[in-house]
Each structure stands twice: as structure tokens, then as C-alpha cells.
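The structure appears below as C-alpha cells.
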Amino acid sequence: MYGYLLRNRVIFIGSRINDETATQIVACLLALETLSDSEDIKLYINSPGGQAYSVISILDTIEAIKPDVVTIALGQCASTATLLLAAGAKGKRFSMPNARIMMHQPAGGAMGSADEVNIQASELNRTMKVVHRFYERFTGLPLDRIEEETDRDNFMNPKQAMELGLIDDVIVSADLPTLATAHA
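Under the working numbering, think of the first position of the sequence shown as 1086, with each following residue one higher.
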């Protein structure tokens, strides 16, 4: 099945994103660019998110490759997966009508000595700034608004996500096959 999807320039994320899944996604993006740098790549996202720097490796790749990446949220698109959704090419960021989208601050589980916990807290704050810069760039919202929107678990429907600039349009199931093959 995944071979068929890749031949049609479709990547599906259906799990938590860690280093292993990020490496696979990056490899797929790079391979698809090699096959054609002018055809869109479609990235379907149904994920609770995952490790921030694993997702950042995918974001950096999306920004580095030539093909436009079309992003489509379905089911759950939460936490760092929302960054991937917003990273799609402008005008090509979509959500299914019943998807649930959530953004929030990065979280960590610091353990160890007081010094180690302080180091981890500093790194978490740095990671939060990186995440906020990505949201600023992808949505056009000012930093203070990004901070306000991510200061808690912020669940939203696709219409609210569109108002925040995370997506460009909501699609219905009947449009999905057209979208999936429109750029193949």
C-alpha cells in the first residue's frame, strides 16, 4: 500500500513522530524530489505530534526541497503535527471537515540534579522559541498572538484553524480523490 502511495507522491503520517518516523518521512520527501522537482507532494497527517526536533527535521526538509508540499489534516492533528500542517505551500494547506487540530507549548519531563533540570528547562524554552518562529512564519501571526494561542492545549476545528492561518481551506470527502490525484 505504501509503495502505491509513494508512486502517487503521497506520504501518510499516522502515528506519533519520533526520530525513526521523521527519518522515513525525510527520506520519502528527498526521494520524491529526485523523481520530480516540479510535481506536488501530498502529506496526509493524522498524528498526535511527537518529538519537536524530529518534526523540525521534516520542516527543514519541506523548506529545502523544490516541490510544493500539500498538507491535509484528517482525524487528529495535534502538537508538533500542527506545525507540519501549517508548513504546506500557501494555498495548499487543507483539513478534512471533522479533523481536530491542537497547538500548544512544547513539553518536557525533566529529571536529574537541579543543574540538569535547569539545563533541560533552558533547552525547552529555546525549543519553544524555535516552534514559535515557525508558527509566525507559517501563519503570519505576531509572536504575542502565537504565545497566547499556545499557552495551553488549544483544540480547534478546521474553521478556527483557517482563521489562525494554519490552513487555507476545508475540503469534503468528495473532493479528496481529486486532490489526491490533481498533481500526480
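Glycine included, each C-beta is placed from N, C-alpha and C at the ideal position.
Problem - Cβ-Cβ distance between E1099 and S1139 below 8 Å - result: What sits at residue 1099 in the sequence shown is Gly, not Glu. The answer is no: Cβ separation not under 8 Å.
ask   = Which residue from S1198, A1246, I1141 and P1227 puts its Cα closest to that of E1184?
value = Note that residue 1184 corresponds to Ala in the displayed sequence, not to Glu. Answer by Cα proximity: A1246.
- Helix, strand or coil for G1088 per DSSP? helix
Are I1130 and L1168 touching if we call contact CB-CB under 8 Å?
no
key: Continuous beta strand (DSSP E) stretch holding L1159: start and end   = V1154 to A1163
Assigned secondary structure, A1269 (DSSP; H/G/I helix, E/B strand, else coil): Note that A1269 scores 43 on pLDDT, short of 50, meaning its location in the model is unreliable; the coordinates nonetheless yield the value given after this. Reduced to three states, the DSSP call for A1269 is coil.
query: So, do the region 1203 to 1218 and the region 1144 to 1160 have three or more beta carbon pairs nearer to each other than 8 Å?
result: no
With H, G and I counted as helix, E and B as strand and the rest as coil, what does DSSP make of I1098? strand
Since K1127 is in the beta strand (DSSP E), which residue starts that stretch and which ends it? I1126 to S1132
- For S1180, which beta-bridge partners are listed by DSSP? A1158 and V1255
Practice item. Determine the burial state of G1134: buried for a count of at least 16 other Cβ atoms within 10 Å of its Cβ, exposed for fewer. Key: buried
Cα separation between I1096 and T1106? 11 Å
_Limits of the unbroken beta strand (DSSP E) element including R1222_ = Looking at the DSSP string, R1222 is not in any beta strand (DSSP E); the run it does join, the alpha helix (DSSP H), is A1199 to T1224.
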